[in-house]
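The next block holds one structure in the form of structure tokens; read it before the comments.
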Amino acid sequence: TRKDEAWRYADTDALARLWPLPAPGAVIVPGGGKFERAIVQEAGGVVQMQLSIGRQAAAALYVLNSGGDYGRVELDVTLHEGADFALGVAQIGGGAQTLEIITTVTHAEPGATSRQVVRSVAGGTATVTYLGKVAVARDAQQTDSEQDVKAMLLERSATANAKPELEIYADDVKCAHGAAIGELDANALFYMQSRGMPVAIIGSGLRARFFTTEPPLGRRIKVGEEWLTVVGVLAPRPVSAQTAERLGIR
16 TRKDEAWRYA
26 DTDALARLWP
36 LPAPGAVIVP
46 GGGKFERAIV
56 QEAGGVVQMQ
66 LSIGRQAAAA
76 LYVLNSGGDY
86 GRVELDVTLH
96 EGADFALGVA
106 QIGGGAQTLE
116 IITTVTHAEP
126 GATSRQVVRS
136 VAGGTATVTY
146 LGKVAVARDA
156 QQTDSEQDVK
166 AMLLERSATA
176 NAKPELEIYA
186 DDVKCAHGAA
196 IGELDANALF
206 YMQSRGMPVA
216 IIGSGLRARF
226 FTTEPPLGRR
236 IKVGEEWLTV
246 VGVLAPRPVS
256 AQTAERLGIR
């Protein structure tokens with residue numbers, strides 16, 4: 016599998032124990048339809064889905080990839096005329112985990128839109144990976160596509176891989192992709208951990224709820240019975256007007 020780019024960073028030992036993989040799940044969203052699904056990978060293994068979005072239909076997937084020594088979520092999405100696809104992913108890795116998100120989004124017909132937002136956090140010697148390909152067919156004019164990929168390393172022993180990719184054969188398109196990998200301030204993190212202070216990275220929703228007028232960094236929040244110190248905030252990602260309308264969000 017190492018010769019296949021999609022498996023480049025895979026844990027081959029863990030994968031061998033899972034082989035052969037079951038057939039991918041398949042979902043067809045009919046023309047004008049709406050589809051939403053949450054995929055939670057907490058036990059390890061490989062999740063594969065093929066998704067076909069019909070004319071003027073909308074689909075949204077929300078993925079949490081966090082469990083097992085090896086966890087992989089693989090999505091193959093095809094958009095037809097005027098279709099809309101939204102993907103939101105969170106990967107949280109620690110220890111010696113290997114976590115992967117692999118996407119292939121094909122704009123097969125004109126006027127379709129796709130948005131992919133991927134956020135990963137890795138500590139220990141974990142490896143988190145995003146490999147995402149957007150393919151625009153020759154006749155898929157007025158395509159609008161975006162990949163937004165960010166990863167944070169909690170320790171320098173962790174690894175993040177990000178490879179957003181575009182393959183475009185049409186000439187009237189709007190396609191963008193970006194990837195950023197960073198790490199927490201080592202001195203600040205060491206100070207807190209050496210004093211037994213568990214840390215947390217919160218979403219923009221929690222920030223708005225608990226820290227309306229003050230900066231959240233360095234503040235403490237209680238999760239269950241444990242107090243955590245906030246060391247980072249994920250950037251907000253608004254839902255486009257088109258996606259909101261098609262999914263019936265008000």
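Take 16 as the starting number for the sequence shown in the numbering used here and just add one per residue.
The C-beta atom is built at its ideal place from N, Cα and C for all residues, glycine as well.
Distance CB(residue i)-CB(residue j) smaller than 9 Å
i, j, result
"residue 21", "residue 116", "no"
"residue 88", "residue 100", "no"
"residue 166", "residue 196", "yes"
"residue 326", "residue 50", "Residue 326 falls outside the range modelled here, since the chain spans only 16 to 265, and no answer is possible."
"residue 112", "residue 161", "no"
"residue 73", "residue 48", "yes"
"residue 64", "residue 37", "no"
"residue 98", "residue 69", "yes"
"residue 75", "residue 103", "yes"
"residue 179", "residue 155", "no"
"residue 53", "residue 90", "no"
Nearest-angstrom Cα separation, counted from residue j out to residue i
i, j, result
"residue 238", "residue 184", "49 Å"
"residue 121", "residue 134", "22 Å"
"residue 159", "residue 186", "12 Å"
"residue 16", "residue 137", "Any answer about residue 16 is weak, because its pLDDT of 48 lies below 50 and its placement is not dependable; what the coordinates show is given next. Cα to Cα, the separation comes out at about 24 Å."
"residue 148", "residue 177", "11 Å"
"residue 265", "residue 127", "Model confidence at residue 265 stands at a pLDDT of 47, short of 50, so the residue's coordinates are unreliable; what they give is reported in the following sentence. Each residue's Cα considered, the two are about 22 Å apart."
"residue 245", "residue 46", "44 Å"
"residue 123", "residue 81", "32 Å"
"residue 61", "residue 228", "42 Å"
"residue 172", "residue 139", "6 Å"
"residue 107", "residue 77", "14 Å"
"residue 94", "residue 83", "31 Å"
"residue 262", "residue 193", "A caution first: residue 262 carries a pLDDT of 46, below 50, which makes its placement in the model too unreliable to give a value."
"residue 44", "residue 119", "17 Å"
"residue 55", "residue 189", "31 Å"
"residue 145", "residue 182", "17 Å"
"residue 96", "residue 129", "12 Å"
"residue 35", "residue 85", "15 Å"
"residue 241", "residue 23", "38 Å"
"residue 27", "residue 33", "10 Å"
Contact test: residue i Cβ vs the ligand FAD heavy atom, cutoff 8 Å
i, result
"residue 245", "Looking at this structure, you won't find the ligand FAD or any other ligand, since it has none at all."
Residues that DSSP places opposite residue i in a beta bridge
i, result
"residue 229", "In DSSP, residue 229 forms no bridge with anything."
"residue 39", "Partner(s): none; residue 39 has no beta bridge."
"residue 159", "128, 189"
"residue 22", "According to DSSP, residue 22 bridges with nothing at all."
"residue 106", "80, 135"
"residue 99", "73, 128"
"residue 166", "135, 196"
"residue 223", "BP columns for residue 223 are empty, so no partner."
Contact belief for residue i with residue j at Cβ below 8 Å, rounded distance in angstroms
i, j, result
"residue 175", "residue 151", "Incorrect: roughly 27 Å between the Cβ atoms, too far for contact."
"residue 215", "residue 243", "4 Å"
"residue 217", "residue 231", "7 Å"
"residue 226", "residue 235", "In fact, because the Cβ distance is near 11 Å, the residues do not count as touching under 8 Å."
Short CB-CB distance (under 9 Å) between residue i and chain C
i, result
"residue 88", "As a matter of chain content, chain C is missing from the structure shown, which is built from one protein chain."
Delimiting residues of the beta strand (DSSP E) encompassing residue i
i, result
"residue 118", "113-122"
"residue 52", "49-56"
"residue 67", "60-68"
"residue 174", "174-183"
"residue 150", "142-151"
"residue 89", "85-94"
"residue 235", "235-238"
Opening and closing residue of the alpha helix (DSSP H) in which residue i lies
i, result
"residue 27", "27-33"
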